[in-house]
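Engineer: Have a look at the structure that comes next, please.
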Amino acid sequence: MTITIRPYQQTDWQAVCCVHDASRQLEVKNFIPQGVILAMADYAEKDGFFESEVFVAVDSSVQNTVPNNHVLGFIAIKNDELTWLHIHPDNHRKGIGTALVNHIREKIGKDGFVLCALENDYGFPFYQKLGFKPAAYFPGNEAGYPCTCVRMTFEGSIHAQREPKPVLASLLAHGYTENDLGEAYQDASGVWHWRKKSNIL
Numbered sequence: 060m061t062i063t064i065r066p067y068q069q070t071d072w073q074a075v076c077c078v079h080d081a082s083r084q085l086e087v088k089n090f091i092p093q094g095v096i097l098a099m100a101d102y103a104e105k106d107g108f109f110e111s112e113v114f115v116a117v118d119s120s121v122q123n124t125v126p127n128n129h130v131l132g133f134i135a136i137k138n139d140e141l142t143w144l145h146i147h148p149d150n151h152r153k154g155i156g157t158a159l160v161n162h163i164r165e166k167i168g169k170d171g172f173v174l175c176a177l178e179n180d181y182g183f184p185f186y187q188k189l190g191f192k193p194a195a196y197f198p199g200n201e202a203g204y205p206c207t208c209v210r211m212t213f214e215g216s217i218h219a220q221r222e223p224k225p226v227l228a229s230l231l232a233h234g235y236t237e238n239d240l241g242e243a244y245q246d247a248s249g250v251w252h253w254r255k256k257s258n259i260l
């Protein structure tokens, strides 16, 4: 396999959707029932895919009659945020994700950050291995199902000090109420967390 990383093209769309839809099953399997996981085509526009700068990893040693069906994975960034990263499960642990992150590392700079579900037992340790550190844990949700959202940053990123601001739907999904939406606080090491105000003695 010869991995080449290049800018996304419109003709990559179907291949990128295929990669995403296979990868997404693993990404959210711990907190979303399989039957309600959205296909990429159903939410890509809403989640800003087309507003991001996207790169695809392809196997350039393969010559296919079907255009771009050799896309192995893709990554998307917007300013200093890594917004999308998916590798087809058939190509996990082959260095493709690492190559994609290294490709955009200079583009997102020292303030780079990514949001990841703690329950994503593929993504969370992967980002840690590449130098992202948990900076904030706060209530999140996907399709109405609660998860713990983690903002992961590079060392010294300005986003490490940014207070988390979970959306109302996420707070309600985690059992917070209109009377107690909770609050952010930092632990002794400076990492942000979320708690109910009623739990404060």
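In this text, residue positions in the sequence shown follow our numbering: the first is 60, and each later residue adds one. We put the CB at the ideal spot given by N, CA and C, even for glycine.
To the nearest whole angstrom, what separates the beta carbons of I163 and I136, a pair I think is in contact under 8 Å?
Structural biologist: As a position in the sequence shown, residue 163 is number 104, starting the count at 1. As a position in the sequence shown, residue 136 is number 77, starting the count at 1. With 8 Å as the limit, I163 and I136 qualify as a contact, their Cβ atoms being about 5 Å apart.
Engineer: Is the number of C-beta pairs between the stretch 166–175 and the stretch 202–221 that are closer than 8 Å three or more?
Structural biologist: Result yes; three or more Cβ-Cβ pairs closer than 8 Å.
Engineer: Find the nearest neighbour of H233 within the set G203, Y181, V87, F109, judged by alpha-carbon distance.
Structural biologist: Counting from one through the sequence shown, the residue named residue 233 turns up at place 174. Ranking G203, Y181, V87, F109 by Cα distance to H233 puts G203 first.
Engineer: Would you mind listing the alpha helix (DSSP H) stretches within the stretch 122–208 that are 4+ residues and don't spill past its ends, in chain order?
Structural biologist: Those alpha helix (DSSP H) runs which fall completely within the stretch 122–208 and span 4+ residues are 155–167, 182–188.
Engineer: Roughly how far, in whole angstroms, is the beta-carbon of V75 from the beta-carbon of V115, given that I think they are within contact range, below 8 Å?
Structural biologist: Taking the sequence shown and counting its residues from 1, the one referred to as residue 75 is at position 16. Taking the sequence shown and counting its residues from 1, the one referred to as residue 115 is at position 56. At roughly 7 Å, the Cβ-Cβ gap stays under 8 Å, so V75 and V115 are in contact.
Engineer: Using 8 Å for Cβ pairs, my map puts W251 next to E222. What's the rounded Cβ distance?
Structural biologist: Counted from its first residue, the sequence shown places residue 251 at position 192. Counted from its first residue, the sequence shown places residue 222 at position 163. About 6 Å; that satisfies the 8 Å criterion.
Engineer: Just to confirm before moving on: does the CB-CB distance between H145 and S82 stay below 7 Å?
Structural biologist: Numbered from its first residue, the sequence shown carries residue 145 at position 86. Numbered from its first residue, the sequence shown carries residue 82 at position 23. Closer than 7 Å, so yes.
Engineer: DSSP three-state label for M99, please.
Structural biologist: Start at 1 with the first residue of the sequence shown, and residue 99 comes out as number 40. Helix at M99.
Engineer: Leaving out the 5 sequence neighbours to the left and right, which residues in its chain are closer than 7 Å to H147 when beta-carbon positions are compared?
Structural biologist: For the purposes of this step, residue 147 is taken as the residue at position 88 of the sequence shown. Excluding positions up to five away in sequence, the list reads V78, A81, S82, L131, G132.
Engineer: Quickly, what does DSSP pair W253 with across the bridge? List them, please.
Structural biologist: For the purposes of this step, residue 253 is taken as residue 194 along the sequence shown, with counting starting at 1. In DSSP, W253 forms a bridge with A243.
Engineer: Among Y244, L240, R65, whose alpha-carbon lies nearest the alpha-carbon of A219?
Structural biologist: The residue labelled residue 219 in the question sits at position 160 within the sequence shown. Out of Y244, L240, R65, Y244 has the C-alpha closest to the C-alpha of A219.
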